[in-house]
Amino acid sequence: MAVVVSSRSFVCCVLFLFIVISEASAQYNYVSCDNNGGNYTADSTYQTNLNTLLSNLTSNTQIDYGFYNFSYGENSDTVNAIGLCRGDVEPDECRSCLSDARDNLTQLCPNQKEAILYHDRCMLRYSNRSIFGLMETQPSYYMLNVNNATEVYQFNQVLNNLLRILTGMAASGDSRRKYAAANANDTTTNFQAVYGLVQCTPDLTQTQCNDCLDQAISQIPTCCNDKIGGRVVEPSCNIRYEDYRFYEQTTIIDPETPPPTVNTSTGGTYHYILVRVFVFAESSNTTTIVIAVVVPTVVVFLICCLFMCLRRRKARKNLEEEEHEEEDEIKIAESLQFNFDTIRVATQDFSDSNKLGQGGFGAVYLGELSNGQIIAVKRLSRDSGQGDTEFKNEVVLVVKLQHRNLVRLLGFCLEGRERLLVYEFVPNKSLDYFIFDPAKKAQLDWEKRYRIIRGIARGLLYLHEDSQLRIIHRDLKASNILLDEEMNPKIADFGMARLVLLDQTQANTSRIVGTYGYMAPEYAMHGQFSVKSDVFSFGVLILEIVSGQKNSGINNGENMEDLLSFAWRSWKEGKAINIVDPSLNSNSRNEMLRCIHIGLLCVQENLVDRPTMANIILMLNSHSLSLPIPAEPAFFMNSRTRSLPEMQSWEYNSRETGSSEAILKSAQESENEASITEPYPR
Numbered sequence: 255m256a257v258v259v260s261s262r263s264f265v266c267c268v269l270f271l272f273i274v275i276s277e278a279s280a281q282y283n284y285v286s287c288d289n290n291g292g293n294y295t296a297d298s299t300y301q302t303n304l305n306t307l308l309s310n311l312t313s314n315t316q317i318d319y320g321f322y323n324f325s326y327g328e329n330s331d332t333v334n335a336i337g338l339c340r341g342d343v344e345p346d347e348c349r350s351c352l353s354d355a356r357d358n359l360t361q362l363c364p365n366q367k368e369a370i371l372y373h374d375r376c377m378l379r380y381s382n383r384s385i386f387g388l389m390e391t392q393p394s395y396y397m398l399n400v401n402n403a404t405e406v407y408q409f410n411q412v413l414n415n416l417l418r419i420l421t422g423m424a425a426s427g428d429s430r431r432k433y434a435a436a437n438a439n440d441t442t443t444n445f446q447a448v449y450g451l452v453q454c455t456p457d458l459t460q461t462q463c464n465d466c467l468d469q470a471i472s473q474i475p476t477c478c479n480d481k482i483g484g485r486v487v488e489p490s491c492n493i494r495y496e497d498y499r500f501y502e503q504t505t506i507i508d509p510e511t512p513p514p515t516v517n518t519s520t521g522g523t524y525h526y527i528l529v530r531v532f533v534f535a536e537s538s539n540t541t542t543i544v545i546a547v548v549v550p551t552v553v554v555f556l557i558c559c560l561f562m563c564l565r566r567r568k569a570r571k572n573l574e575e576e577e578h579e580e581e582d583e584i585k586i587a588e589s590l591q592f593n594f595d596t597i598r599v600a601t602q603d604f605s606d607s608n609k610l611g612q613g614g615f616g617a618v619y620l621g622e623l624s625n626g627q628i629i630a631v632k633r634l635s636r637d638s639g640q641g642d643t644e645f646k647n648e649v650v651l652v653v654k655l656q657h658r659n660l661v662r663l664l665g666f667c668l669e670g671r672e673r674l675l676v677y678e679f680v681p682n683k684s685l686d687y688f689i690f691d692p693a694k695k696a697q698l699d700w701e702k703r704y705r706i707i708r709g710i711a712r713g714l715l716y717l718h719e720d721s722q723l724r725i726i727h728r729d730l731k732a733s734n735i736l737l738d739e740e741m742n743p744k745i746a747d748f749g750m751a752r753l754v755l756l757d758q759t760q761a762n763t764s765r766i767v768g769t770y771g772y773m774a775p776e777y778a779m780h781g782q783f784s785v786k787s788d789v790f791s792f793g794v795l796i797l798e799i800v801s802g803q804k805n806s807g808i809n810n811g812e813n814m815e816d817l818l819s820f821a822w823r824s825w826k827e828g829k830a831i832n833i834v835d836p837s838l839n840s841n842s843r844n845e846m847l848r849c850i851h852i853g854l855l856c857v858q859e860n861l862v863d864r865p866t867m868a869n870i871i872l873m874l875n876s877h878s879l880s881l882p883i884p885a886e887p888a889f890f891m892n893s894r895t896r897s898l899p900e901m902q903s904w905e906y907n908s909r910e911t912g913s914s915e916a917i918l919k920s921a922q923e924s925e926n927e928a929s930i931t932e933p934y935p936r
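Next comes the structure, spelled out in structure tokens:
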């Protein structure tokens, strides 16, 4: 691995020494002595307070969670210190690491009032200013594995999903620990696992921890792009990932929780190029002073000159690239544009016999090009009012969205007021064609339905977070989920919100694009939409897929009841199995109940309570993960009571195999991967 240091003006007189050492033998990774914080003199009150604080920092043996934050002294002689150990470090090892860090730090920064040392397993810092509850990103350092990932796109996708999920888990920690570690892999290929770890100082708020980790993750393309391992370490948070397991079992800080076991795999020995920082003490020897001051000054000057030259060259290169990109965009737009007569012939002049369906944005027609390619053509309503140039730009953006769970947009056609979108043809029609038909639903066994649920979730996550655009679908429903030859789901109409004006409406709605029954309450009633609006629609879809019933109504004896009300009432009464489609085999009962639970979490009235798509994918793929108890769903038609009877005894104890999505494995799972049955949090 190679190390890169990023700091402000923390280091006074610095000599960079590159030493190749193994990870196991490294005493510390980086030290910074802050000259801006001021110096203290020998035998001063500040030094006495500093020595007292550091000597007693880890003396409190009741602290078993690896976080120490104390102050000592008064006024300008106050010393504030933070000691943080990695979440998998045992208490005794933590105190030993911080003790070594204390000795190294006071030797390397003998007169500075502010200093920080990063060890592989702990971090120690002190300052004469308040450092508690602040999100600070400097001084920082990066380390990267010199080996490149072989399947870069897949590696980055799995890595980004893993770090995003770990960020949410760590940020939700309490004031003792904000730490998460896990591994992810894609079971559809032989792609090897990616192991990740994230941590914040627990004095940060949840928002601060999220922001800090997001900022650290954003540094990966700069420091460690396409490498199989790397880390970004900052005062308030740090991240690390490798292609081998580098962390141990997470230490338990709750005495009521039985300690789980983990399968500990060892990684190979990696070598690092380490930047060590040394601070020179004052000397009466003039030659030593000249060397210590002049040499670094000359080196810094030369580096600055080199940096300016490289920056100018990069600026010229960026300008040339922008010009090329503009030319490429024009060429792309031209290559995507179909001739109107070509489309008219392909669809037999938009004949009714070729009409596949009618949606809120227009009719869809089956077409066949002269080369035999089958296409689906959406003829948009003519009242968009959007200019041709803007429409072309939007199409070029949406065409770039490529995901296996999205219907692919092939191109467009513009002629007069005609606006046509040309899509790939998906042969097996839409989900509603199967799921709501008493005879055809038999073609969708539970394995297919579960694969459809996860595929839709992956497609939505891509639209919300992973694509170069941030797209909120706003009309997610069964008829907008198309099925390919193998019954894999593809989300359709995902670009409509961008390709037409926001006042382009659907029948029976007023300036709101969507379908009642799938629309979140804040959107249906106030026109407010967000990613959580799509999450609500996804929750309705889950309940429809599990039950095989439309959300508009279920026959319940002599009464008709909407699906959300029926699902909530059944779940509250401990009869959630009544929601499951009777035609399904009960061998996967636990998985079905878990999906119902997730669906109810998605349709909660308060959008803040609904999970994100990243968390939903984690819930779907990690059967041992505890799920929170859902609140009453929106549009619940019966009693408004929110109390739950004593029925929380479901056990999601099966481990289904054959997942087609990256599976997140908790660092606290047992070695033989036996299930941890804990449906509800303590």
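First residue of the sequence shown? That's 255 in this note's numbering, and the numbers climb one at a time after it. Think of the CB as a built atom: it goes at the ideal place given N, C-alpha and C, for glycine as much as any other residue. The structure displayed is predicted, hence computed values, not measured ones.
For this session: Output the distance between the C-alpha atoms of TYR395 and GLY713, rounded to the nearest integer angstrom.
Result: 35 Å
Problem set entry | Which residues DSSP lists as bridging GLN462, in chain order | Answer is none; GLN462 lacks a bridge partner.
Exercise. Going by other Cβ atoms of all chains shown within 10 Å of its Cβ, with 16 needed for buried, is ASP691 buried or exposed?
Worked result: exposed
For this session: Determine the direct distance from the alpha carbon of PRO681 to that of GLU798, and round the result to whole angstroms.
Result: 22 Å
Problem set entry | 8 Å Cβ cutoff met for ASN938 and ALA821 | It is not possible to answer for residue 938, since the shown part of the chain is limited to 255 through 936.
For this session: If I'm right that LEU730 touches LEU795 with Cβ under 8 Å, what's the distance once you round it to whole angstroms?
Result: 7 Å
Exercise. To which residues of the same chain is THR299 closer than 8 Å at the C-beta, ignoring the five residues directly before and after it?
Worked result: GLY327 and ASP331
Exercise. Whose C-beta lies closer than 6 Å to the C-beta of ARG673 among residues of the same chain, with five residues either side of it excluded?
Worked result: LEU634
Problem set entry | Nearest candidate by alpha-carbon position, reference ALA435, set GLN503, ASN293 and GLU588 | GLN503
Exercise. What are the boundary residues of the alpha helix (DSSP H) that includes MET873?
Worked result: 867-875
Problem set entry | Continuous alpha helix (DSSP H) stretch holding GLY422: start and end | 406-425
Exercise. Which residue or residues does DSSP assign as beta-bridge partners of LYS609?
Worked result: TYR619
Exercise. Does DSSP put ILE597 in a helix, a strand or coil?
Worked result: helix
For this session: Jot down the residue ranges of each uninterrupted beta strand (DSSP E) in the segment 281-349, minimum 3 residues, whole runs only, in chain order.
Result: 284-293, 321-326 and 333-339
For this session: Pair every Cβ in the segment 844-859 with every Cβ in the segment 696-710, then say whether three or more of these pairs are closer than 8 Å.
Result: yes
For this session: Would you mind reading off the limits of the beta strand (DSSP E) that contains LYS632?
Result: 628-634
Exercise. Do the segment 413-431 and the segment 456-463 touch if we need at least three Cβ pairs shorter than 8 Å?
Worked result: yes
Exercise. With 16 other CB atoms within 10 Å as the buried threshold, where does CYS287 fall?
Worked result: buried
For this session: Mind reading off the beta-carbon distance from LEU685 to ALA732? Whole number of angstroms is fine, and I expect it under 8 Å.
Result: 4 Å
Problem set entry | Inter-residue Cα distance where the pair is SER880 and SER350 | 34 Å
Problem set entry | CA nearest to the CA of CYS667, picked from THR596, GLY709 and LEU818 | THR596
Problem set entry | N- and C-terminal bounds of the beta strand (DSSP E) containing VAL448 | 448-454
Exercise. Closest by CA to ILE419, which one among GLY771, ILE493 and ALA774?
Worked result: ILE493
Exercise. I think TYR498 touches LEU451, with their Cβ atoms under 8 Å apart; what is that distance to the nearest whole Å?
Worked result: That belief does not hold up - the Cβ atoms of TYR498 and LEU451 are roughly 12 Å apart, past 8 Å.
For this session: Taking only the alpha-carbon atoms, compute the straight-line gap between ASN805 and SER819 and give it to the nearest angstrom.
Result: 10 Å
Problem set entry | Close beta carbons around TYR226, own chain, < 6 Å, minus the five adjacent residues each side | Past the boundaries of the shown model lies residue 226; the chain is included only from 255 to 936, so the question cannot be answered.
Problem set entry | N-terminal and C-terminal residue of the alpha helix (DSSP H) that MET779 is part of | 775-780
Exercise. So, helix, strand or coil for SER384, using DSSP?
Worked result: coil
For this session: Report the rounded CA-to-CA distance for ASN907 versus GLY665, giving the unit in angstroms.
Result: For ASN907, the predicted structure reports a pLDDT of 31, less than 50, and the residue's modelled location is therefore unreliable. The matter cannot be settled from this model.
For this session: Return the residue from the list GLY853, LYS829, HIS727 and SER721 that minimises the CA-CA distance to ASN414.
Result: SER721
Exercise. VAL937 to TYR433, Cα distance in whole Å?
Worked result: With the chain represented from 255 up to 936, any question about residue 937 goes unanswered, as that position is not in the structure.
For this session: For TYR772, collect the residues of the same chain with a Cβ closer than 6 Å to its Cβ; drop the 5 residues on either side in sequence, then sort them by chain order.
Result: LYS731, SER791 and VAL794
Problem set entry | ASN479 versus THR404: straight-line alpha-carbon distance, rounded | 12 Å
For this session: Return the chain-ordered list of same chain residues with a C-beta closer than 7 Å to the C-beta of TYR704, the five sequence neighbours on each side being excluded.
Result: GLU845
Exercise. Under three-state DSSP, which class holds ARG356?
Worked result: helix
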